[in-house]
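There are 2 protein chains.
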Amino acid sequence: MSTLASRIERYIKDMMDAADLNSVELKRKDLAEVFSCVPSQINYVLETRFRDEQGYHVVSRRGAGGCFQIIRLEVTDDQEMKDLIAAVSGSEMSFRTAEGFLGRLLEEGVINRGEYMLITSMISKEALSAAGERQDQVRAAMIKNVLITLLRMDY
Amino acid sequence: MSTLASRIERYIKDMMDAADLNSVELKRKDLAEVFSCVPSQINYVLETRFRDEQGYHVVSRRGAGGCFQIIRLEVTDDQEMKDLIAAVSGSEMSFRTAEGFLGRLLEEGVINRGEYMLITSMISKEALSAAGERQDQVRAAMIKNVLITLLRMDY
DNA sequence: CCCGGAAAGGTCAAAAAAAGTCAAAAAACA
DNA sequence: TGTTTTTTGACTTTTTTTGACCTTTCCGGG
Numbered sequence: 085m086s087t088l089a090s091r092i093e094r095y096i097k098d099m100m101d102a103a104d105l106n107s108v109e110l111k112r113k114d115l116a117e118v119f120s121c122v123p124s125q126i127n128y129v130l131e132t133r134f135r136d137e138q139g140y141h142v143v144s145r146r147g148a149g150g151c152f153q154i155i156r157l158e159v160t161d162d163q164e165m166k167d168l169i170a171a172v173s174g175s176e177m178s179f180r181t182a183e184g185f186l187g188r189l190l191e192e193g194v195i196n197r198g199e200y201m202l203i204t205s206m207i208s209k210e211a212l213s214a215a216g217e218r219q220d221q222v223r224a225a226m227i228k229n230v231l232i233t234l235l236r237m238d239y
Numbered sequence: 085m086s087t088l089a090s091r092i093e094r095y096i097k098d099m100m101d102a103a104d105l106n107s108v109e110l111k112r113k114d115l116a117e118v119f120s121c122v123p124s125q126i127n128y129v130l131e132t133r134f135r136d137e138q139g140y141h142v143v144s145r146r147g148a149g150g151c152f153q154i155i156r157l158e159v160t161d162d163q164e165m166k167d168l169i170a171a172v173s174g175s176e177m178s179f180r181t182a183e184g185f186l187g188r189l190l191e192e193g194v195i196n197r198g199e200y201m202l203i204t205s206m207i208s209k210e211a212l213s214a215a216g217e218r219q220d221q222v223r224a225a226m227i228k229n230v231l232i233t234l235l236r237m238d239y
């Protein structure tokens, strides 16, 4: 018998495949009820099986009417992209490095000139000065979110 | 099922769109009756979905015959955009406020859906968590920078 | 003219309805 | 047996919903 966590993982992935969708919206409480487990078990599944580096992205809303959405990024088979996201997760990035990276994305046509300018203005030293010595960490987290968003956008 | 608050929001916006008007006049009590909820629920909707930075302005009259009016604001030229930047750029900004403001720029076509998603992802709590206490200051600076860039890009 | 009641809308805080965090306990594994 | 993964539950945070009480305005009678 597989673990509960794996069965929940399978359930969610099957659900997406069946509906031929790259995203599902679920209620944590309902799902916990289906598997008669504590709600926090669901968080464990999300944290261990649906991480960004694994090609999934989760967004959620708390409060009355809250729920969460699991989005399958169009890279589940693109190891290079996964590695890139993993590399930038929880790391640091200077402005120069980030700028160079964005420049490559621009050259490759992943982003256009306007997007390049917007992103650059937001990761500039000026914009992030209030973050003090944690500036490079914030910048890395921002770049990671940009990558995920780009993956979500092009489909 | 979406929340009551969201359904009321949609109802009001649809109403404006349908009539192709930039303002509607409503009675709090009537609206509450339509959705069979307490009247103060309407205030909650106005406070969370129709704030100035979200591009709406609400005026109301109490007393017998009282009612409220929701006016949709629009940015029509460069100067208004500049005024908006001035009005919105404080030294701190919560994610909620920023999101509301960006939603407005999206509704008005100042930015497109992709730009909205990119910017939102970069100012999210997740992206800025490393900034800790100073998160709201960083966000304010980022918003200011991005607005200036949009202006330079001659929207 | 003044007053009091009725007919609005406003405020604020508590309750309810979600989801998130974290660390201890249990189970599986090597 | 020691380590890693999974499971559980107590506590936290966020968002929405509700209700009791407050304020403003209008109108009619004295």
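Protein chains in written order, with the numbering used here: chain A, 85 to 239; chain B, 85 to 239. From the three backbone atoms N, C-alpha and C, an ideal C-beta is built for every residue, glycine too. None of the values given here were measured: they were computed from a predicted structure.
**Prompt:** Between which two residues does the beta strand (DSSP E) containing S107 (chain A) stretch?
**Reply:** In the DSSP annotation of this structure, the continuous segment of the beta strand (DSSP E) that includes S107 (chain A) starts and ends at 107-110.
**Item:** Strand pairing of Y140 (chain A), partner residues [DSSP]
**Value:** A:R156
**Message:** One question on the structure: do L212 (chain B) and V222 (chain A) come within less than 8 Å of each other, judged by their Cβ atoms?
**Reply:** yes
**Request:** State yes or no: is the C-beta of M177 (chain A) within less than 8 Å of the C-beta of I232 (chain A)?
**Result:** no
**Message:** Quick check: is any heavy atom of the ligand SAM less than 7 Å from the C-beta of E137 (chain A)?
**Reply:** Ligands displayed in this structure: none; no statement on the ligand SAM is therefore possible.
**Asked** Which residues in chain A sit within 8 Å of L201 (chain B), going by Cβ to Cβ distance?
**Response** According to the sequence displayed, residue 201 (chain B) carries Met and not Leu. In chain order: T233, R236, M237.
**Asked** Shorter than 8 Å from the beta carbon of E109 (chain A) to some beta carbon of chain B?
**Response** no
**Asked** Can you find a CB in chain B that lies within less than 8 Å of the CB of S178 (chain A)?
**Response** no
**Asked** What residues of chain A sit near R218 (chain B), judged by a beta carbon separation below 8 Å?
**Response** A214, A215, G216
**Request:** Measure the alpha-carbon distance for T56 (chain A) versus D167 (chain B) and round it to whole angstroms.
**Result:** Past the boundaries of the shown model lies residue 56 (chain A); chain A is included only from 85 to 239, so the question cannot be answered.
**Asked** Does the segment 185-195 of chain A come close enough to the segment 132-146 of chain A to have 3 or more Cβ pairs within less than 8 Å?
**Response** no
**Inter-residue CB distance, Y140 (chain B) and L157 (chain B) (contact presumed, cutoff 8 Å)** = Contact check for Y140 (chain B) and L157 (chain B): beta-carbon distance about 7 Å, within the 8 Å limit, so the pair qualifies.
**Item:** Three-state secondary structure (DSSP) of R145 (chain B)
**Value:** strand
**Request:** State the Cα-Cα distance for the pair V194 (chain A) and A89 (chain B), rounded to the nearest angstrom.
**Result:** 38 Å
**Prompt:** On the three-pair Cβ rule with 8 Å, is the segment 94-114 of chain B touching the segment 198-214 of chain A?
**Reply:** no
**Message:** In the DSSP output, which residue or residues are listed as bridge partners for C121 (chain A)?
**Reply:** In the DSSP output, where bridge partners are listed per residue, C121 (chain A) has none listed.
**Asked** M226 (chain A) touches chain B at which residues, Cβ-Cβ below 7 Å?
**Response** M206, A211
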